[in-house]
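Scroll down for the structure; my scribbles are underneath it.
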Amino acid sequence: MIVTRLSEVSASRVKVYIDEQSAFVLYKGELRKYGLREGEPIEEKIYEELVCEVLPKRAKLRCMNLIKSRDYTREQLKLKLKQGGYPEQVIEEALDYAASERYIDDLRYAESFIVCSHERKSRRRIENDLLQKGISAETIASAWMQWESEGNVQDEEEQIKALLVKKHFDVETADRKELQKMYVFLARKGFDGDKIRRMLLK
């Protein structure tokens, strides 16, 4: 294995390329400590120490520091670690650790998101938001089931009514063009077409 390139990431960090492939990011002090130089081989034992000990520990600490400020999904943490230049195997090890310690829990995240959003967002919008955060459709479905099993019900028609009031929209006086425009507005927010029509045709 040859260190083919060292690319400065910041004043203190450098991206290391091995055999022309991006391998990991190290601090400049670590480059000196392990004697890594561009165009020279990297010893197998040094590579293993970095990938199996140094970087996993750092990635786990990075996860912990991120989670201190707010909840993250597994996919969101994965993206953060990728941005930090960690190798795939190191990322997965750190995420598995965080999950095993319940620092990340996509089901818990989805349930909390539903609790906070169900009164102001349509079900479809909530589901799309969670999918974009990297939570699986199966996990989202389980979160809804859990939320509903506790006796909760989402009233999308009340949400639509509140939006109509907020927009000062009078169904009785609106013409066809205005009704169509409002329908499109509500549909874009993820509300069910039948529910929109019921509220607009009252």
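With this note's numbering, the residue at position 126 of the sequence shown is 391, and numbering never jumps.
For glycine and all other residues, C-beta sits at the position ideal for the given N, C-alpha and C.
Q: For the beta strand (DSSP E) holding Leu-271, just list the boundary residues, first then last.
A: One-based indexing of the sequence shown puts residue 271 at position 6. Its beta strand (DSSP E) spans residues 268-273.
Q: Determine, using beta carbons only, whether Phe-289 and Tyr-351 come nearer to each other than 8 Å.
A: For the purposes of this step, residue 289 is taken as residue 24 along the sequence shown, with counting starting at 1. For the purposes of this step, residue 351 is taken as residue 86 along the sequence shown, with counting starting at 1. Yes, they are a contact pair.
(Q) What does DSSP give as the partner residue(s) for Tyr-479 in the beta ladder? (A) Because the chain in this structure spans residues 266 to 467, residue 479 falls outside the shown range and cannot be described.
Q) Once you ignore the five residues that flank Ser-277 on each side, which residues in its own chain have a CB closer than 7 Å to its CB? A) Stepping through the sequence shown from its first residue, residue 277 is reached at position 12. These residues qualify, in order along the chain: Tyr-292, Lys-293.
Q | Contacts around Lys-325, its chain only, beta-carbon distance under 6 Å, and the 5 residues preceding and following it disregarded | A | Along the sequence shown, read from residue 1 onward, the residue named residue 325 stands at position 60. Cβ neighbours of Lys-325 beyond the five flanking positions: Ala-359, Tyr-362.
Q. Run through DSSP, which three-state label would Ile-369 get?
A. Within the sequence shown, the letter at position 104 stands for residue 369. When DSSP states are grouped into helix, strand and coil, Ile-369 belongs to the coil group.
Q. So Gly-458 is in the alpha helix (DSSP H); what residue range does that whole segment cover?
A. Within the sequence shown, residue 458 is the residue found at index 193, counting from 1. 458-465 is the span of the alpha helix (DSSP H), which, as asked, contains Gly-458.
Q | From Lys-280, Asp-457, Glu-421, Met-447, residue whose alpha carbon lies closest to that of Gln-348 | A | By one-based count along the sequence shown, residue 348 stands at place 83. The residue with the shortest Cα to Cα distance from Gln-348 is Lys-280.
Q) For the alpha helix (DSSP H) that Cys-328 lies in, which residues bound it at each end? A) Against the sequence shown, residue 328 aligns to sequence position 63. Element bounds for Cys-328: 320-334.
Q) By DSSP, does Ile-425 sit in helix, in strand, or in coil? A) Here residue 425 refers to the residue found at position 160 of the sequence shown. DSSP places Ile-425 in helix when its eight states are reduced to three.
Q | Beta bridge counterpart(s) of Gln-419 as assigned by DSSP | A | Counting from 1 along the sequence shown, the entry for residue 419 is found at position 154. Per DSSP, none; premise fails for Gln-419.
Q) At what residues does the alpha helix (DSSP H) containing Phe-434 begin and finish? A) The residue given as residue 434 occupies position 169 in the sequence shown. Counting along the chain, Phe-434 falls outside any alpha helix (DSSP H), and DSSP gives it neither H nor E.
Q | Cα-Cα separation, Asn-393 to Glu-273 | A | Position 128 of the sequence shown, counted from the start, is the residue given in the question as residue 393. Position 8 of the sequence shown, counted from the start, is the residue given in the question as residue 273. The straight-line gap from Cα to Cα measures roughly 38 Å.
Q: May I ask you to verify whether the stretch 371-391 touches the stretch 418-432, counting CB pairs closer than 8 Å and requiring at least 3?
A: yes
Q | Any chain B beta carbon closer than 8 Å to Glu-392 | A | Of the chains in the structure shown, none is chain B; there is only one protein chain.
Q | Rounded separation between Ile-332 and Glu-295 - CA only | A | Here the question's residue 332 lines up with position 67 in the sequence shown. Here the question's residue 295 lines up with position 30 in the sequence shown. Each residue's CA atom was taken as its position, placing Ile-332 and Glu-295 some 26 Å apart.
Q. Ends of the alpha helix (DSSP H) at Ala-452?
A. Walking along the sequence shown from the start, residue 452 turns up at place 187. For Ala-452, the enclosing alpha helix (DSSP H) covers residues 441-453.
Q) Applying the criterion that 16 or more other CB atoms from any shown protein chain within 10 Å of the CB defines a buried residue, is Gln-445 buried or exposed? A) If you number the sequence shown from 1, residue 445 lands on position 180. Counting Cβ neighbours within 10 Å, Gln-445 comes out exposed, since fewer than 16 surround it.
Q) Looking at Gln-411 and Glu-376, is the spacing between their C-beta atoms short of 8 Å? A) Position 111 of the sequence shown holds residue 376. Position 146 of the sequence shown holds residue 411. The answer is yes: Cβ separation under 8 Å.
Q) Could you give the distance in angstroms between the alpha-carbon of Leu-396 and the alpha-carbon of Ala-402? A) Stepping through the sequence shown from its first residue, residue 396 is reached at position 131. Stepping through the sequence shown from its first residue, residue 402 is reached at position 137. Their backbone Cα atoms lie some 7 Å apart in a straight line.
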